[in-house]
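**Q** Residues in the sequence shown are numbered consecutively from 3, following the working numbering.
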Amino acid sequence: MAVIMNLKRRLDESKYRDLFNATKRIVAKDYLISYILAFLYHHKEYRKLVFYGGTCAKVLYGLNRFSEDLDLHNPGIKLDKLADELSEYVRGKLGIKGSSVYVQTGEGG
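1. Note down the Cα distance separating residue 98 from residue 71, rounded to an integer number of angstroms.
2. By DSSP, does residue 104 sit in helix, in strand, or in coil?
3. Rank 73, 21, 37, 66 by C-alpha distance to the C-alpha of residue 107 and give the top, closest one.
4. How would you call residue 42, buried or exposed, if buried means at least 16 neighbouring beta carbons within 10 angstroms?
5. Less than 8 Å between the CB atoms is what I'm expecting for residue 9 and residue 33, so what's the real figure, rounded?
6. Could you say if the segment 11-21 and the segment 43-51 meet the contact criterion of at least three C-beta pairs nearer than 8 Å?
7. Which residue marks the beginning of the beta strand (DSSP E) containing residue 75, and which one marks its end?
Shown next, in the form of structure tokens:
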């Protein structure tokens, strides 16, 4: 819950206060992506996933682009529990009750 409270405080700061709500949603998604990536990185299996694509370029290289999905290459890891484990993390640790998590598989998602 502290994560969401911190995010709300950040969005109330003067540099964000006058932004359109759609822009605030983008800022919030960018902020929350860092927590999702931390979850994946600190998991003994999911840390083996390879992060690539537009969001990766934005996070790692600071490219000014809009991207809100996480592209992950799977080198053979079982992902049958990923959506449930990530949902539990998002709802519990991050305090986002109305969230939904899904995993797409196959070439290009």
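Virtual Cβ for every residue (Gly too), placed ideally from N, Cα, C.
**A** In terms of the structure at hand:
1. Rounded to the nearest whole angstrom, the CA to CA distance from residue 98 to residue 71 is 17 Å.
2. If DSSP states are grouped into helix, strand and coil, residue 104 belongs with coil.
3. With distances taken between Cα atoms, residue 107 lies closest to 73.
4. Residue 42 should be labelled buried.
5. The beta-carbon separation of residue 9 and residue 33, rounded to 6 Å, stays under the 8 Å limit for a contact.
6. Three or more Cβ pairs closer than 8 Å define a contact, and the segment 11-21 falls short of that threshold against the segment 43-51.
7. For residue 75, the enclosing beta strand (DSSP E) begins and ends at 73-75.
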